[in-house]
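Peer 1: All you need for our numbering is the position in the sequence shown, starting with 1, plus 13. Below you will find the structure I want to go over with you.
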Amino acid sequence: MKEHILIADDEKEILSLLRLYLENSGYRVSEASDGETACSLIRNGGIDLAILDIMMPKMDGYAVIRRIREQDDLPIIVLSAKSETTDKIMGLGLGADDYIAKPFDGLEVVARVEACLRRLSRTKSESAPSEASLTVRDLTLDTNACVLIKDGTTIDLTSIEYRILKLFMGSPGRVFTKKQIYEAAWGEDYIVDDNNIMVYISKIREKLGERSGASYIRTIRGLGYKLLP
14 MKEHILIADD EKEILSLLRL YLENSGYRVS EASDGETACS LIRNGGIDLA
64 ILDIMMPKMD GYAVIRRIRE QDDLPIIVLS AKSETTDKIM GLGLGADDYI
114 AKPFDGLEVV ARVEACLRRL SRTKSESAPS EASLTVRDLT LDTNACVLIK
164 DGTTIDLTSI EYRILKLFMG SPGRVFTKKQ IYEAAWGEDY IVDDNNIMVY
214 ISKIREKLGE RSGASYIRTI RGLGYKLLP
């Protein structure tokens with residue numbers, strides 16, 4: 014049996030449908046019909062990926078993401094009827110790895126789950142002990158622990174944030190296009206221009222403390238982004 018997937022949604026039909034598709038693909042599945050139950054199951058351990066609805070009783074999906082990200086880098090896919098760009102940005106900004114709007118195709122959800130787990134697996138393999146740490150200015154990327162160290166302070170990263178910084182810090186000063194960033198971070202072909210990259214660059218900038226005055230990542234209008242050497 015493959016990884017253990019948690020589905021959190023207050024619609025029984027959604028739970029049944031996703032369970033059917035995921036179990037047919039070999040995954041072990043647990044269910045939660047509210048946010049508090051979802052948090053409890055994740056806290057007990059053994060969950061490899063969470064699919065979270067936004068509009069749930071007791072605790073909504075956004076609150077669950079915040080709770081998870083306080084202590085865990087668990088892969089998260091948001092599943093919601095809220096398809097507006099602002100809702101997508103908020104979910105990704107809080108630390109979700111992917112976002113699927115309802116109505117959805119069950120096979121697409123399975124494909125997204127598999128892609129998410131592949132990215133996590135690649136991140137772990139890329140952080141093998143034989144790799145040297147990357148250092149640019151006052152930033153050091155610990156490729157063993159997948160964390161960033163700035164001025165002696167450890168900064169936790171999501172798997173996608175790690176892969177973007179690894180790309181940038183491997184070639185400081187080089188301009189990377191959105192296509193190059195997307196394919197390095199998500200491990201998939203870049204097909205359409207969306208705001209996922211913008212959201213993650215913003216989150217990285219925030220973690221680097223750019224709001225306090227320091228400048229690390231520069232936007233090259235019409236081209237992409239680069240890390241200032």
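Backbone N, C-alpha and C fix where the C-beta goes; we use that ideal spot for every residue, glycine too.
#1: Taking the CB atoms as reference points, tell me whether residue 56 and residue 90 lie closer together than 8 Å.
#2: DSSP three-state call for residue 73: helix, strand or coil?
#3: Distance, Cα to Cα, residue 191 vs residue 23?
#4: Give the DSSP bridge partners of residue 112, in chain order.
#5: Compare the Cα-Cα distances from residue 46 to each of 66, 34, 209 and 187 and report the closest residue.
#6: In the structure shown, what three-state DSSP assignment does residue 24 receive?
#7: Please work out which residues of its chain come closer than 6 Å, Cβ to Cβ, to residue 17, disregarding the five sequence neighbours upstream and downstream, and give them in chain order.
#8: Under a Cβ-count criterion, where at least 16 other Cβ atoms within 10 Å of its own Cβ denotes burial, should residue 184 be classed as buried or exposed?
#9: Which residue comes first and which comes last in the alpha helix (DSSP H) that contains residue 191?
#10: For my contact list, residue 152 and residue 182 are in at a C-beta cut-off of 8 Å; report their separation, rounded to the angstrom.
#11: If distances are taken between C-alpha atoms only, which option among 163, 178, 230 and 104 comes closest to residue 82?
#12: Please state the DSSP three-state secondary structure of residue 172.
#13: Ordered along the chain, which non-local residues of its own chain (more than five positions away) have a Cβ less than 8 Å from that of residue 32?
#14: Roughly how many angstroms separate the alpha carbons of residue 245 and residue 201, rounded to a whole number?
#15: Nearest-angstrom Cα distance between residue 118 and residue 99?
#16: Give me the Cα-Cα distance between residue 228 and residue 54, rounded to the nearest whole angstrom.
#17: Measure the Cβ-Cβ separation of residue 238 and residue 214 and say whether it is below 8 Å.
#18: So what's residue 83 in DSSP terms, helix, strand or just coil?
#19: List the residues that DSSP assigns as beta-bridge partners of residue 238.
#20: What residue range does the alpha helix (DSSP H) around residue 15 cover?
#21: Let me make sure I understand the geometry here. Which of 236, 168, 30 and 230 has the alpha-carbon closest to that of residue 123?
#22: Would you decide whether residue 88 is buried or exposed? Buried here means 16 or more other CB atoms lie within 10 Å of its CB.
Peer 2: On the basis of the data shown:
#1: Counted from its first residue, the sequence shown places residue 56 at position 43. Counted from its first residue, the sequence shown places residue 90 at position 77. No, these two residues do not count as a Cβ contact at 8 Å.
#2: Sequence index remark: in the sequence shown, residue 73 carries index 60 (1-based). Coil at residue 73, not helix or strand.
#3: Taking the sequence shown and counting its residues from 1, the one referred to as residue 191 is at position 178. Taking the sequence shown and counting its residues from 1, the one referred to as residue 23 is at position 10. Taking the straight line from one Cα to the other gives about 36 Å.
#4: For the purposes of this step, residue 112 is identified with residue 99 of the sequence shown, where counting begins at 1. Answer by DSSP bridge pairing, in chain order: 91.
#5: For this step, residue 46 is matched to residue 33 along the sequence shown. The option with the nearest alpha carbon to residue 46 is 66.
#6: Against the sequence shown, residue 24 aligns to sequence position 11. Residue 24 falls in the coil class under three-state DSSP.
#7: The residue you call residue 17 lines up with position 4 of the sequence shown. Closer than 6 Å at the Cβ level, and outside the excluded window around residue 17, lie 41, 59, 60 and 61.
#8: Along the sequence shown, read from residue 1 onward, the residue named residue 184 stands at position 171. Sixteen is the threshold: since fewer than 16 other Cβ atoms of the shown chains lie within 10 Å of the Cβ of residue 184, the residue is exposed.
#9: By 1-based counting over the sequence shown, the position of residue 191 is 178. Segment 191 to 199, the alpha helix (DSSP H) holding residue 191.
#10: Taking the sequence shown and counting its residues from 1, one reaches residue 152 at position 139. Taking the sequence shown and counting its residues from 1, one reaches residue 182 at position 169. With a beta-carbon spacing of about 7 Å, residue 152 and residue 182 fall inside the 8 Å limit used to define contacts.
#11: Here residue 82 refers to the residue found at position 69 of the sequence shown. The shortest Cα separation from residue 82 among 163, 178, 230 and 104 belongs to 104.
#12: If you number the sequence shown from 1, residue 172 lands on position 159. Three-state result, residue 172: helix.
#13: The residue given as residue 32 occupies position 19 in the sequence shown. Cβ within range, chain order: 20, 42 and 44.
#14: Any property of residue 245 remains undetermined from this structure, which presents the chain solely from 14 to 242.
#15: In the sequence shown, counting from the first residue as 1, residue 118 sits at position 105. In the sequence shown, counting from the first residue as 1, residue 99 sits at position 86. Whole-angstrom Cα-Cα distance: 22 Å.
#16: Within the sequence shown, the letter at position 215 stands for residue 228. Within the sequence shown, the letter at position 41 stands for residue 54. Rounded to the nearest angstrom, the two C-alpha atoms are 40 Å apart.
#17: Position 225 of the sequence shown, counted from the start, is the residue given in the question as residue 238. Position 201 of the sequence shown, counted from the start, is the residue given in the question as residue 214. Yes, these two residues count as a Cβ contact at 8 Å.
#18: Residue mapping note: residue 83 aligns to position 70 of the sequence shown, counting from 1. Coil.
#19: Taking the sequence shown and counting its residues from 1, one reaches residue 238 at position 225. Bridge partners of residue 238: 189 and 232.
#20: Here residue 15 refers to the residue found at position 2 of the sequence shown. Taken as a continuous stretch (DSSP letters only), residue 15 belongs to no alpha helix (DSSP H), as it is neither H nor E.
#21: Here residue 123 is taken as the residue at index 110 of the sequence shown, counted from 1. When only C-alpha atoms are compared, the closest one is 30.
#22: Residue 88 sits at position 75 when you count from the first residue of the sequence shown. Flag for residue 88 reads buried.
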